[in-house]
Amino acid sequence: MKKQRVKAVAAATFITATTLFAGEVFADQTLDEIFKVGETKVNAGIQSQQRIDKLQSETESLLQEFKTVNKQIQGLRVYNKQLETSIASQLERINELEESIENVTVIERQIQPLVLRMLEGLEQFISLDMPFYIDTRTEELEKVKANMDSSDFLVSEKFRQVLELYKIESEYGRRVSTYEDTLTLDSGEREVNILQVGRIALLYQTKDTKLSGAWDARQGAWVPIDSGAYRSAILKGIRIAKKQASIDILDLPILAPEAAQ
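Last residue of the sequence shown: 598 (our numbering), numbering continuous.
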């Protein structure tokens, strides 16, 4: 009886120990699974956070790129507006040029007769003017006249050449100059110094200063003047024209033309 009880206790003890061991094993397995699940969740959390960080970085990069592109767009809008204004101005200028080109033929037809009339007027003016530098003035006039019939010059160039002649003639009237020439006087041909005082007076004096004279527009000829009265003044005027003397007041004979009736 006692033996049976001992066996029963021993069996119960074995069962209890077995049960406890089995419980411990089961608990260990459960904890491992829990740890694994926790570790998996942690890893998943880490990966999720990494994806979030990556997305945030990409979002910030895209936002910065958007801001940059937006500024560029604003700059392009301003630039395009300026271009539109510039293009509108250029189109207006093109229209003006096209209109001018259309009028070129008409302008040329009007300028060519004007240029010829200006030359005719200048030629007549030189023939009626005091005969200073007459060879040079006539030669330059003939050169320009010859160019009028040449196809090598545009109408604008022909017009410029005529204007240049007018400018030169205008300058003659504002200067004092002297040059040497040969005149036919009562005593025969003589080498003389010519003194031109604008278009006010045109005088001559022989090389020996003994004879002096002036151009008389009424007679269209050289006339002698009193050498004693004007000899020094003419000589001084010649020296002034040559820049050998300072500018001064000159007492010169002025042969004024008669007033038109």
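C-beta: ideal position from N, C-alpha, C; glycine also.
What you are looking at is a predicted structure, and each value in this text was computed from that prediction instead of being measured.
Cα-Cα separation, residue i to residue j
i    : j    : result
E526 : T543 : 10 Å
V513 : L539 : 10 Å
V452 : Y509 : 21 Å
A551 : Q581 : 22 Å
K391 : S398 : 10 Å
T377 : E395 : 26 Å
I471 : L465 : 11 Å
I670 : E439 : Past the edges of the chain, shown from 338 to 598, lies residue 670, and the structure says nothing about it.
Y567 : I591 : 11 Å
Q308 : K408 : Residue 308 is absent from the structure shown; the chain starts at 338 and stops at 598.
R414 : S437 : 34 Å
F403 : K373 : 44 Å
S385 : I424 : 56 Å
D553 : D486 : 36 Å
K579 : R511 : 16 Å
A381 : Q401 : 30 Å
N484 : M467 : 26 Å
Q598 : I537 : Per-residue confidence for Q598 stands at a pLDDT of 43, beneath the threshold of 50, marking its modelled position as unreliable; no derived number is given.
Contact under 7 Å by Cβ, residue i with residue j
i    : j    : result
V560 : Y541 : no
S564 : S583 : no
F469 : Q556 : no
T515 : I575 : yes
A570 : D588 : yes
L572 : T546 : yes
I448 : F496 : yes
I463 : R474 : yes
V492 : E445 : yes
Residue i (DSSP reduced to helix, strand or coil)
i    : result
I591 : coil
Q556 : coil
A582 : coil
T396 : helix
I537 : coil
R454 : helix
T521 : strand
Interface flag, residue i vs chain B, CB-CB below 7 Å
i    : result
T543 : Of the chains in the structure shown, none is chain B; there is only one protein chain.
**Prompt:** Counting pairs of beta carbons, one from the region 449–465 and one from the region 493–509, are three or more of them closer than 8 Å?
**Reply:** yes
**Asked** Would you call the region 415–433 and the region 478–487 touching, i.e. three or more CB-CB distances under 8 Å?
**Response** no
**Asked** In chain order, which alpha helix (DSSP H) runs of at least 4 residues are fully inside the region 382–445?
**Response** none
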